[in-house]
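Protein chains in written order, with numbering that gives the first Met the number 0: chain A, 0 to 155; chain B, 0 to 155.
Backbone N, C-alpha and C fix where the C-beta goes; we use that ideal spot for every residue, glycine too.
Only a predicted model underlies this, so the values are computations on that prediction, with no experimental measurement involved.
Number of protein chains: 2
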Amino acid sequence: MEKLDECARQLLDTAPQIMRSIRAEMRSHRGHDLSIPQFRTLTFIHQNPEASLSPLAEHLGLTLPSTSKLVDGLVNEKIISRRESKEDRRKLTLALTKNGEDILRAARGATQNRLKDILHELPADELSVILRALNLLQPLFMKGMKEAKTHVPAHS
Amino acid sequence: MEKLDECARQLLDTAPQIMRSIRAEMRSHRGHDLSIPQFRTLTFIHQNPEASLSPLAEHLGLTLPSTSKLVDGLVNEKIISRRESKEDRRKLTLALTKNGEDILRAARGATQNRLKDILHELPADELSVILRALNLLQPLFMKGMKEAKTHVPAHS
DNA sequence: TTCTAATAGTTTCAATATCTAACTATATCA
DNA sequence: TGATATAGTTAGATATTGAAACTATTAGAA
């Protein structure tokens with residue numbers, strides 16, 4: 000149980016610092032500024048074609064009104080498109096525009112480069128450890144979300 | 000370099016999800032609601048006794064006015080104390096109140112428990128991998144901050 | 001078939017968080 | 001000593017988010 004305690008503690012201390020680097024880069028690369036929630040929205044829609052608003056809200060951890068507003072802004076900027084779903088007229092179908100795909104790709108590229116800058120001095124075996132850990136963590140934190148609801152986002 | 004790419008990509012995808020869980024717990028446990036920046040402020044001051052405002056701002060990735068306001072709110076709630084520094088009257092010295100320490104302890108405890116809930120099903124060897132990875136990542140993301148400035152936060 | 005309940009999303013209002021510009025006070029340097 | 005640098009505050013503007021209220025659509029019960 001000591002390891003479990005230590006993992007929880009380290010995660011709590013490290014995750015915010017990682018996010019700080021990510022946020023800084025999202026906001027500093029040339030071109031379109033994206034907030035973290037905007038970036039996460041684009042990523043979610045990219046990974047979940049035909050997504051509607053509610054699963055997006057759930058993924059973001061935001062309420063429906065907040066998510067609706069967020070999407071509004073992105074629609075206004077022609078980054079995503081929003082249309083009525085074919086199977087259920089209450090639902091929206093969200094999609095990235097071409098512009099949105101470009102912006103997402105640029106943001107990911109720049110931010111991943113930044114992270115690579117930070118990580119590049121690590122030897123390969125340590126990168127392997129980190130990669131393995133991330134592969135363990137990712138499903139858990141997606142899984143946590145699944146437990147809350149039954150809607151499972153599809154992952155590439 | 001493939002591993003480096005993959006690490007950067009996974010980090011970019013996983014860190015926000017981890018933060019989502021942390022944020023949700025910070026906001027849901029009984030007692031005092033803390034925002035992530037507030038929590039990070041308390042943690043920083045706890046780990047850096049006698050800290051002034053500028054290194055805190057730097058740590059948070061916020062501007063001085065924003066940090067000043069954030070601290071204002073916490074001072075008003077008697078969570079931290081603020082006084083003029085002895086060596087330099089331009090500088091503040093920030094400290095946790097007793098109340099602040101209680102609140103931080105409670106927030107950490109609850110959030111760590113939440114993370115433990117998520118992680119507990121992992122076998123010990125996998126926890127070891129995660130722990131090792133976090134121990135590798137943490138200094139890097141603190142180090143990144145050091146590179147930006149010369150002021151090195153002391154760590155327990 | 002009709003009516004009620006549930007669901008998806010929007011709008012309004014209020015609160016909170018953050019940045020920029022401008023400013024004050026203090027310390028350092030030429 | 002005066003100019004410059006540094007630490008922090010205030011005011012104003014903008015962005016983000018939740019709660020309450022509302023509309024439209026779908027599903028389920030009678």
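- Query: To the nearest whole angstrom, what separates the beta carbons of A/Leu-73 and A/Gln-37, a pair I think is in contact under 8 Å?
  - Reply: Going by Cβ atoms, the distance from A/Leu-73 to A/Gln-37 rounds to 6 Å, so yes, they are a contact pair.
- Query: Along chain A, in chain order, which residues have C-beta atoms closer than 8 Å to that of B/Leu-135?
  - Reply: Within chain A, the residues Leu-121, Glu-125, Val-128 and Ile-129 have their CB atoms less than 8 Å from the CB of B/Leu-135, given in chain order.
- Task: Give me the Cβ distance between A/Ala-178 and B/Ala-132, rounded to the nearest whole Å; I'm assuming they're in contact under 8 Å.
- Result: Any question about residue 178 of chain A goes unanswered here, given that chain A covers just 0 to 155.
- With a Cβ-Cβ cutoff of 9 Å, do A/Ala-94 and A/Ser-84 count as a contact? At a Cβ-Cβ threshold of 9 Å, A/Ala-94 and A/Ser-84 do not count as neighbours.
- Item | Alpha-carbon to alpha-carbon, B/Ala-56 and B/Leu-91 | A direct Cα-to-Cα measurement between B/Leu-91 and B/Ala-56 gives close to 12 Å.
- Members of the region 65 to 94 of chain A near chain B, C-beta cut-off 8 Å: Of all residues in the region 65 to 94 of chain A, none places a beta-carbon less than 8 Å from a beta-carbon of chain B.
- Task: Would you mind giving the Cβ-Cβ distance between A/Gln-9 and B/Gln-9, rounded to the nearest angstrom? I have them listed as a contact below 8 Å.
- Result: No, A/Gln-9 and B/Gln-9 are not in contact; Cβ-Cβ is about 17 Å, not under 8 Å.
- Message: Can you give me the C-alpha to C-alpha distance between B/Arg-113 and B/Asp-101, rounded to a whole angstrom?
- Response: C-alpha of B/Arg-113 to C-alpha of B/Asp-101: approximately 18 Å in a straight line.
- Query: Taking buried to mean at least 16 other C-beta atoms within 10 Å of its own C-beta, is B/Arg-107 buried or exposed?
  - Reply: Classification of B/Arg-107: buried, given that the 10 Å Cβ count is 16 or more.
- Tell me, please, whether the CB atom of A/Thr-13 is closer than 9 Å to any CB atom in chain B? So yes, A/Thr-13 belongs to the interface.
- In chain order, what residues of the same chain have a beta carbon less than 6 Å from the beta carbon of B/Glu-49, not counting five sequence neighbours either side? Once the five neighbours on either side are set aside, the close Cβ partners of B/Glu-49 are Thr-92.
- Query: What's the call for B/Thr-157, buried or exposed, on a 16-neighbour Cβ count within 10 Å?
  - Reply: This structure leaves residue 157 of chain B out entirely; chain B is present only between 0 and 155.
- Query: Of the choices B/Leu-139, B/Leu-33 and B/Glu-86, whose alpha-carbon is the least far from that of B/Gly-99?
  - Reply: The option with the nearest alpha carbon to B/Gly-99 is B/Leu-33.
- Residues in its own chain within less than 7 Å of B/Glu-120 by CB, not counting five upstream and five downstream? If we look at B/Glu-120 and ignore the five residues flanking it on each side, it has no Cβ neighbours.
- Item | DSSP beta-bridge partners of A/Ser-80 | According to DSSP, which records beta bridges pairwise, A/Ser-80 is partnered with A/Ala-94.
- Query: Is B/Thr-62 close to chain A, meaning its C-beta is less than 9 Å from at least one C-beta of that chain?
  - Reply: Judged by the 9 Å Cβ criterion, B/Thr-62 is not in contact with chain A.
- Message: Quick test of your reading: A/Lys-2 and B/Leu-135, contact by CB under 8 Å. State the CB separation rounded to the nearest angstrom.
- Response: 16 Å between Cβ atoms; not a contact.
- Could you tell me which chain B residues have their CB closer than 9 Å to the CB of A/Arg-107, listed as they occur along the chain? The contact set of A/Arg-107 on chain B, defined by CB atoms closer than 9 Å, consists of Arg-8 and Leu-11 in chain order.
- CA-CA distance, B/Phe-140 and A/Arg-19? Computed Cα separation, rounded: 9 Å.
- Query: At a CB-CB cut-off below 8 Å, which residues of chain B make contact with A/Ala-23?
  - Reply: Listed along the chain, the chain B residues whose CB falls inside 8 Å of the CB of A/Ala-23 are Gly-60.
- Would A/Glu-86 be called buried (16 or more neighbouring beta carbons within 10 Å of its own) or exposed? Classification of A/Glu-86: exposed, given that the 10 Å Cβ count is below 16.
- chain B contact for A/Gly-143 (CB, 9 Å cutoff): Caution is warranted here: a pLDDT of 45 is assigned to A/Gly-143, below 50, making its placement in the model unreliable, and the coordinate value is therefore given only provisionally. At least one chain B Cβ lies under 9 Å of A/Gly-143.
- Message: Under 9 Å, Cβ to Cβ, is there at least one residue of chain B near A/Asn-112?
- Response: Closer than 9 Å to some Cβ of chain B, the Cβ of A/Asn-112 qualifies, so yes.
- Message: I need the straight-line Cα distance from A/Asp-4 to B/Lys-115, nearest angstrom please.
- Response: One C-alpha to the other measures close to 7 Å.
- Query: Straight-line CA distance for B/Ala-14 to A/Ile-17?
  - Reply: Answer to the nearest angstrom: the Cα atoms are 7 Å apart.
- Task: Please check the pair A/Thr-40 and A/Leu-52, which I expect to be a contact at CB under 8 Å, by giving their CB distance rounded to whole angstroms.
- Result: Between A/Thr-40 and A/Leu-52 the beta-carbon gap is near 10 Å, outside 8 Å, which marks them as no contact.
- Do you know how far the Cα of B/Ile-129 is from the Cα of A/Asn-75? Taking the straight line joining both Cα atoms gives about 41 Å.
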